[in-house]
Structures are given as structure tokens and as C-alpha cells.
Amino acid sequence: MMDTSVGNRGHLYRAFSRLLRKKLAIACLTTISIIYFLGIFAPLIAPYGYNEQDYQSIREAPTFQHIAGTDLKGRDVFSRVLWGIQNTVIITMVTILTGGLLIGVSLGLISGYYGGRVDSIIMRIGELFASFPDILLVILLAATLRPRIVDSVRWLEDNTWLDGIVKSGVADYIVISLALVSFSWVGMARLVRGQVLSLKTSQYVESAQATGATTFRILFIHLLPNAIGPIVVTVSMGMGTLIGTEIILSWLGLGIQPPRPSLGTMLLEAGSISALRVVPWMLIAPGIVAWSLVLCWNLFGDAMSDVLNPNTR
Amino acid sequence: MWVYITRRLLWLPVLLLMVSAVTFVLGTYGPGDPVRVMLGTKYDEDTADRLRSSLGLDRPIVVQYIDYVSGAIRGDFGESLRYRGRSVGSLLASKMWVSFQVNLAAMVVSLSIGLPLGFWIARHQGSWIDPAAISFTLVLMSIPIMVSIPIVLWALCLKLSWVPCSGWGGFFDLRIVVPAITMGVPGVAGLARLMRASTLDVFGQDFVRTARAKGLSESTIDIRHVLRNAIIPIITILSFSLAGMLTTGFITERLLGIPGVGDFAIQAIFNRDYPVIMAFTMILSAAFVVANLLADIAYSLIDPRIRLS
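Here is the structure:
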């Protein structure tokens, strides 16, 4: 057991040093970190509140006071972008941790290890989720879940000491994350299942079984570490799509509700012909952030798959 | 392989049944009342009740579902709740035709950039051009569509006034340019990679070495021997993926005012017009599953090492 963990660390260490040699990947990782930092600390960094209107400077092109200009209501675009990033970061992180890692990995482990009926039930359900075209299921879920969840949160507010949940946007987070989880677990489950299938007949798993290790221990201590590489690749390659989908949901009005800003709603406001004619700068800040987030995750994921699967180069 | 294909095809109806059940439950348990949406300002209890029973919406949900499925099997997807008197089938068919045309135009753009680019990259394998060009295609692929459309619109429509800003006039109308570019360019990344791999594969073949040994010029080798063989697998994959081209994406159609099936479906979701949502989901799921199956078959035809099982 000691040997596998040391070998595993060695593999990851080698992968990490290969990654450090890739300048593009490091540049992307830096960009992602900066954007996430800006988003997470938006309340401290943003020069204005997301809903603060400056009646002196409505529809103003970028100046020193408003470095990304102001929108149709005189709100600072830069500050709103920072708050929007915060929403995107929270939602995508929650989704990847619950849907991708918790649900996807566990179901993949279970389905690969037990095989048989359990396996076919889990995989068939996955196939069902995956056979909805495009992001239709996500949109459908978001559209039908939203009013129910908002209602139940309102009820919670009325009947307990909890207050201001709807206003804080938590209900929105729950809706979008639930909808996004619906498709983000399938790929991960299939991947982990494949890894488990190829490993479960190996000698070290057999010897672990022979020494009476519990199933839980075999799954999470012996099998899971061997799948870490592909899992990291899948997560980093999937983040771009996940962020894109979150933006689409808000764009359609199914995500974060106004007045709270999100990249999707900002792009919606900025993308119409009339807005392009009058306030084209409104597109610049949210556009650059959305583009570079998706791009950097894609490039980084690409580099990770090079680094962690050296044999496919 | 035939066993595999038959098994997948037999599985299809079961899958569709499950997809339709999920959609039906989501549709009917969703919020809002389709009758209220239909009547709008003319809403009152009596009319609503009469309408509801004439539409059969007052029956238990299981009965409604069975009724729906038995109709759908016979090809009758019911009537739209929003557009009274129009059958869902005919509504969707005309919208899908529009979406298909947009897709086709986008694919022309992808192909005409992606194939030459991929070939060019393959010829420069080993130099800095190879990784740089591949990364650049990723840059283009990563633009969110709601960012790229406004940028292209701003340039082509507002600044240069080359194309009208929105609307739809068919395949041979200028207004197809913007969706073709914004949807076609992201596809370049995948195509260029495919073409690169496929060209490199051919470069390593014996017959290329023979051609070179015969003293043929590089351009003759490229055109007569390499390009032709490199394109075959790509065309095979593409021709099998046509079934996946029934929808163009919800954002493009909405932003550009294209009367395609994507925007129609979104409207249907917001209007709670669930006969339309149901039919849309089922047709597209079927197309999607069949397209995936065809793609698998295409890959195994190109590369006999891939065994379907």
C-alpha cells in the first residue's frame, strides 16, 4: 500500500514538473487565478456596489472613475463584472464538487466495482441524461425547478428565523447548480467506471480483498488514487463548458435574477443591436472575462491531458 | 458489429420512452398554467374549465401521458397550445428546416477553413507553427456565442454595413452570413485537429514514400496522394453526423431573429406549451442517439481497429 501511494505521488510530481515547463498552461492558470481572486473578493475590490447608480454618468464610455464605463442605468460595469464573476465562480465550483466529484466519482466507483445489475442501472440512467440534446435538459430543469425552489425558500423565510435568503441569491444558486449537476455527473461516472473496470482484477486489489479490506477502503484508498489523473483532466477540460452553460442559463433569464449581476445577463444587455449602437463598451468587460475564463480552462485542460497522459502525446 | 447495432437500435425506443416520461413530468409539474397563458387577458374560471376539459388537461397525468405516447407512436404529436389549430409536427418541421440550413452554412465555413488549415498544420509538424496554430483554433473555439455574435454584428452590420443586422431570408440571403461565421468558426478547431491527425497518418504511409521515390513533385504528392486520402475519413464522419444538425442553438437564433427550432423550443418552455416541448425533445433525442450510433459506425468503418461491442 505504501508503494502505490509513493509511486502515485511520484507520478503526480513528474506531471507537475512537466506542467511547469508549459508556458501557455502556466499563463492560463495565472489568468484563471486572477479572475477567481477578483470574483471571490469582489465585495472588497469592486469600487462601486453592483446596484449603485451614478446619475451624473449614465451611459458613459470608460473613464478613470469608471474604468469599464457605465451601463444604461449609470451602474459601474467593472464592479458589476466582478460581482458577476463571483456568481459564476460559486456556481461552477459547487456544481463540480457535488455533481462531478461527489456524485460522478462515487457512482462511477460503485458501478465499476459491483458491475452486474447495479452497473447497468447507473449507466442506463446516465445514458438517459446524456441523450437529451444539447443543454435542453438543463434549461428545462432550470425553468421548472426555479418557481418551486423559490417558493419553498420563501416558505422557509416566513416560517423560520432565516431571513433574506431569496434576496441573497441562494435560491438562484440552488436552482442553477441542480440543473447543471444533471449533466455534469455522467461523463465523470463513465470515466471512473472505466478506470475501475480495468483495475479491479489487478493483483493489488485482489490482495487487498484477501486481507479483508472493506469495500469502502478498496474503492477510495486503492482504486480512486489511480483514477486521479483522468479525473483532473476531465474536470479541467469540463470547466470551460460548465462556465459557458452557466452563462447561457443566466442569458436566458433562468440564472441569477436581477438586480444581482451575472455575466450572462450583462452580455444579454450589451449584445442587442440598440445597445451595440449606443453603448458598445458594455460588451467589452464581461465579454473579455467570459471569453478568457472559457479559453483558459480549455487550454489548461488541454495541457493537463498532455501532462497526465504522456502516452497519448 | 451487427449485433451491436441491433442492440443499440432496440434500446432506442426504451430510451425515448424514458426521455418522454421525464419531459412529460417536468412539463406538467412545472409552474404556471398553460390554459392561463392561452387565454391571456380573457381569463375567467368558466372559460378556463371548459378549455381545460376540451384539451383533456383535467384527466389524471398517467392517462394524459399514455394518450400522448400512443399518439406519438402514430406520428401525431398533438396540437400546439400556443398556436391553436397548428399541429406540432408541421410547426417543428418548418422550423427545423430553417435550422438545418443555418447549420449547413456554418459547416461550409468550418470545412473551408478547417480542412486547409489542418493540412497546413500537418505539413509543419515539428515546428512552432503546429502547437501555435492548434492553440489559436482553441482561442476561436472558446468565444462564447453571446460574445462572438455581438462582435461580428458590430463589425459587419454597424461599422461596415455589409449585412443586415437580423432576420432570416433563406440559404441564399446575406443575413445567413453572421450565423454562418459565428457558428462555423468554433467548429474549425475540431476539424483542423481531425484533418491534422488524418494527414499525418497518410504522410507516414508507404505509398507516399513510393510516390516520393518515383520523383513526383511535392505538390503532386500533396494533392493526388495525401489530400484525397486524408479527406475520406473526415467526410465519412461528417456525412454521418448530419442527423445532429437539426438544431442550431438557442442563443444564435434568439439574438439574430432566426425563426429556427431552437428559439421556438425556448419560447415553448417559457409558454408552457408542452406538446411542443415534448415533440422537440423526443425528435431531437432520437436524432441525437441515432447520430451518435452512426458516428460510432463511421469510426469503425474508417479504422477497423475500433471494434463495436
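Chains as they are written, first to last, in the numbering used here: chain P, -15 to 297; chain Z, 212 to 520. Each residue gets a CB set at the ideal place from its N, CA and C atoms; glycine is no exception. Nothing here was measured: the structure is a model prediction, and the numbers come from that model.
If you draw a straight line from the alpha carbon of residue i to that of residue j, how long is it in whole angstroms?
| i | j | result |
| --- | --- | --- |
| Trp373(Z) | Ser310(Z) | 23 Å |
| Asn521(Z) | Leu(-4)(P) | Because chain Z here runs from 212 to 520, residue 521(Z) falls outside it and cannot be looked at. |
| Asp290(P) | Ile94(P) | 28 Å |
| Trp222(Z) | Trp235(P) | 36 Å |
| Ser450(Z) | Lys306(Z) | 22 Å |
| Ser41(P) | Trp308(Z) | 47 Å |
| Cys368(Z) | Phe414(Z) | 43 Å |
| Glu190(P) | Met107(P) | 25 Å |
| Leu279(P) | Ile268(P) | 16 Å |
| Val319(Z) | Gly395(Z) | 7 Å |
| Leu326(Z) | Cys12(P) | 28 Å |
| Gln70(P) | Pro361(Z) | 24 Å |
| Gln187(P) | Ile205(P) | 15 Å |
| Leu66(P) | Pro390(Z) | 30 Å |
| Gln179(P) | Leu112(P) | 22 Å |
| Ile508(Z) | Met212(Z) | 9 Å |
| Ile448(Z) | Asn282(P) | 24 Å |
| Thr(-12)(P) | Lys184(P) | With a pLDDT of 47 at Thr(-12)(P), under the threshold of 50, the modelled position of this residue cannot be trusted, and the question is left open. |
| Met221(P) | Phe48(P) | 37 Å |
| Ala(-1)(P) | Val217(P) | 12 Å |
| Val165(P) | Asp257(Z) | 42 Å |
| Thr249(P) | Gly224(P) | 18 Å |
| Ser246(P) | Leu349(Z) | 25 Å |
| Leu228(Z) | Thr234(Z) | 10 Å |
| Gly110(P) | Ile332(Z) | 37 Å |
| Leu22(P) | Ile29(P) | 7 Å |
| Ile19(P) | Pro27(P) | 14 Å |
| Ala422(Z) | Glu429(Z) | 9 Å |
| Arg59(P) | Leu85(P) | 38 Å |
Since residue i contacts residue j with CB under 8 Å, what's their CB separation in whole angstroms?
| i | j | result |
| --- | --- | --- |
| Gly267(Z) | Gln275(Z) | 7 Å |
| Ala490(Z) | Gly300(Z) | 7 Å |
| Ile123(P) | Ile477(Z) | 7 Å |
| Val207(Z) | Thr393(Z) | This structure does not reach residue 207(Z), given that chain Z is present from 212 up to 520, and the question cannot be answered. |
| Ser291(Z) | Met493(Z) | Not a contact, Cβ separation roughly 15 Å. |
| Gly88(P) | Ala163(P) | Wrong, their Cβ atoms sit about 16 Å apart, outside the cutoff. |
| Ser115(P) | Ser496(Z) | 5 Å |
| Arg439(Z) | Pro245(Z) | Actually they are not in contact, since the Cβ atoms of Arg439(Z) and Pro245(Z) sit about 55 Å apart, beyond 8 Å. |
| Ala9(P) | Ala287(P) | 3 Å |
| Met406(Z) | Gly337(Z) | At roughly 17 Å, the Cβ-Cβ gap does not stay under 8 Å, so Met406(Z) and Gly337(Z) are not in contact. |
| Ser355(Z) | Trp275(P) | A small correction: the amino acid at residue 355(Z) is Pro; Ser does not occupy that position in the sequence shown. Indeed, because the Cβ distance is near 6 Å, the residues count as touching under 8 Å. |
| Leu251(P) | Ala126(P) | Leu251(P) to Ala126(P), Cβ: 17 Å. No contact. |
Assuming residue i is part of the alpha helix (DSSP H), what are its boundary residues?
| i | result |
| --- | --- |
| Asn282(P) | Trp265 to Leu292 |
| Phe21(P) | Lys7 to Ile24 |
| Tyr157(P) | Val154 to Leu183 |
| Phe204(P) | Element bounds for Phe204(P): n/a, residue is neither H nor E. |
| Trp139(P) | Leu120 to Asn143 |
| Lys306(Z) | Val299 to Arg334 |
| Pro224(Z) | Trp213 to Tyr240 |
| Pro470(Z) | Here Pro470(Z) belongs to no alpha helix (DSSP H), and DSSP marks it neither H nor E. |
| Leu252(P) | Leu247 to Gly255 |
| Ser409(Z) | Val388 to Phe414 |
| Arg423(Z) | Asp417 to Ala424 |
| Asp260(Z) | Glu256 to Leu266 |
| Phe116(P) | Neither: Phe116(P) is in no alpha helix (DSSP H) and is coded neither H nor E. |
| Ile64(P) | One detail in the question is off: residue 64(P) reads as Arg in this sequence, not Ile. First-last of the alpha helix (DSSP H) with Arg64(P): Val61 to Thr79. |
For residue i, which residues in the same chain have their Cβ closer than 6 Å to its Cβ, ignoring the five residues on either side in sequence?
| i | result |
| --- | --- |
| Gly398(Z) | Ser321 |
| Gly238(Z) | Tyr485 and Ile488 |
| Val263(P) | Arg43 |
| Ile446(Z) | none |
Which same chain residues, not among the five before or five after residue i, have their C-beta less than 7 Å away from its C-beta?
| i | result |
| --- | --- |
| Ile74(P) | Tyr157 |
| Thr296(P) | Confidence at Thr296(P) is low in this model, with a pLDDT of 48, below 50, so its placement is unreliable and no value can be given for it. |
| Met266(P) | Gly53, Asp55, Val61, Glu253, Ala254 and Ala259 |
| Ile133(P) | Ala155, Ile158 and Val159 |
| Ala192(P) | Ile202 and His206 |
With a threshold of 8 Å on Cβ separation, who are the neighbours of residue i within its own chain once the five nearest residues in sequence on each side are excluded?
| i | result |
| --- | --- |
| Arg247(Z) | Tyr254 and Ala259 |
| Asp474(Z) | Phe461, Glu464 and Arg465 |
| Val468(Z) | The sequence given here has Gly at residue 468(Z), not Val. Closer than 8 Å at Cβ, skipping near neighbours: Ser377, Gly378 and Trp379. |
Please list, in chain order, the residues of the region 157 to 172 of chain P that have any C-beta partner in chain Z closer than 7 Å.
none
Pull out every residue of the region 345 to 365 of chain Z whose Cβ sits closer than 8 Å to any Cβ of chain P, in chain order.
Ser346, Leu349, Val350, Met352, Ser353, Ile354, Pro355, Met357, Val358, Ile360, Pro361, Ile362, Leu364 and Trp365
Relative to chain Z, which residues along the region 97 to 121 of chain P have a C-beta separation below 7 Å, given in chain order?
Glu111, Leu112, Ser115, Phe116, Pro117, Asp118 and Leu120
Name, going along the chain, the residues of the region 121 to 140 of chain P whose beta-carbon falls closer than 9 Å to a beta-carbon of chain Z.
Leu121, Ile123, Leu124, Leu125, Ala127, Thr128, Leu129, Arg130, Pro131, Arg132 and Asp135
If contact means a Cβ-Cβ distance below 7 Å, which residues of the region 266 to 279 of chain P contact chain Z?
Leu267, Gly271, Ala274, Trp275, Val278 and Leu279
Determine which residues of the region 220 to 238 of chain P have a Cβ less than 7 Å from any Cβ of chain Z, and write them out in chain order.
Gly224, Gly228, Ile231, Ile232, Trp235 and Leu236
Can you list, in chain order, the residues of the region 377 to 390 of chain Z whose Cβ is nearer than 8 Å to any Cβ on chain P?
Ser377
Under 9 Å (Cβ pairs) to chain Z, residues found in the region 249 to 265 of chain P:
Leu251, Leu252, Ala254, Gly255, Ser256, Ile257, Ala259, Leu260, Arg261 and Pro264
Using a Cβ-Cβ cutoff of 8 Å, what residues of the region 492 to 504 of chain Z are near chain P? List them in chain order.
Thr492, Leu495, Ser496, Ala498, Phe499 and Val500
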